[in-house]
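Structure first, then comments.
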């Protein structure tokens, strides 16, 4: 009887392990499919006529998504372990988490540099801009356009500074782990831009009201 129970237990354990492995493989396949489709959607906007080159660029973008995911997955597992080991010591926990975050930032910067290098080998500057905007939902051109429409008296120098900061935001957003985190980077830099414009004497609330009036008048005219 004991042997039968043991055999049944072993059979159940093996079946459970196989099921878990199959589920992991299925999840990985689904994730790979998702990021491949996401990458292909970006590539479709770049005007690449060579199908082999388009596939190569798609794979480069797909691999970037995958590599970013690997970094963040490892970070989350590491953070969980740090919190568990130092749950009784907040100082050690916070210090270890800060050290881990610095390591993650270094890994992201290294990966970003390699990624841009790979894109440079395949695409022109305009196409690379397309990839960057595709990975960040086109927030940069939309926001840059909005600032110029909202504040009609921006100087060339101010426009240049706004673009510099939005470009910095986009570079960071490209490596962010989720859409919310991507938008958060732009939000952070928009705060910097707004402070810069306020210091230059612009009343942003008033500018916003006047912009809304112009938009409404234009809509009514159509």
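In mature numbering (1 follows the signal peptide of the UniProt record, and there is no 0), the protein residues as written are -20 to -1, 1 to 202.
No residue lacks a Cβ here, since even glycine has one placed at the ideal position from N, Cα and C.
**Prompt:** Can you list, in chain order, the residues of its chain whose CB lies under 7 Å from that of residue 15, leaving out five sequence neighbours each side?
**Reply:** Excluding sequence neighbours, residue 15 sits near 42, 45 and 46.
**Closest residue to residue 101 among 37, 166, 54 and 124 (Cα-Cα distance)** = Checked all of 37, 166, 54 and 124; the closest Cα to residue 101 is 37.
**Request:** Using the Cα positions of residue 80 and residue 139, report the straight-line distance between them to the nearest angstrom.
**Result:** 37 Å
**Buried/exposed call for residue 82, threshold 16 Cβ in 10 Å** = Exposed, since its Cβ has fewer than 16 Cβ neighbours within 10 Å.
**Asked** Do you know offhand how far residue 53's Cα is from residue 63's?
**Response** 16 Å
**Prompt:** For the stretch 25 to 33 against the stretch 105 to 118, are there 3 or more C-beta pairs whose distance is under 8 Å?
**Reply:** The answer is yes - the stretch 105 to 118 touches the stretch 25 to 33, with three or more Cβ pairs under 8 Å.
**Request:** Indicate whether the contact test is met: 3 or more Cβ pairs, each with one atom in the stretch 161 to 172 and one in the stretch 114 to 122, closer than 8 Å.
**Result:** yes
**Message:** If contacts are defined as beta-carbon pairs under 8 Å, then residue 40 and residue 99 qualify, I think. What distance do you get, rounded to the angstrom?
**Reply:** 7 Å
**Prompt:** Using 8 Å as the threshold, is the stretch 129 to 143 in touch with the stretch 185 to 197, meaning 3 or more CB pairs across them?
**Reply:** yes
**Message:** Using the Cβ count rule (16 or more neighbours within 10 Å means buried), how would you classify residue 95?
**Reply:** buried
**Message:** Between the alpha carbons of residue -2 and residue 104, how many angstroms are there, rounded?
**Reply:** Only weak support is given to the placement of residue -2: the predicted model assigns it a pLDDT of 47, under 50, and the value that follows is read from those uncertain coordinates. Near 46 Å, if we compare the C-alpha coordinates of residue 104 and residue -2.
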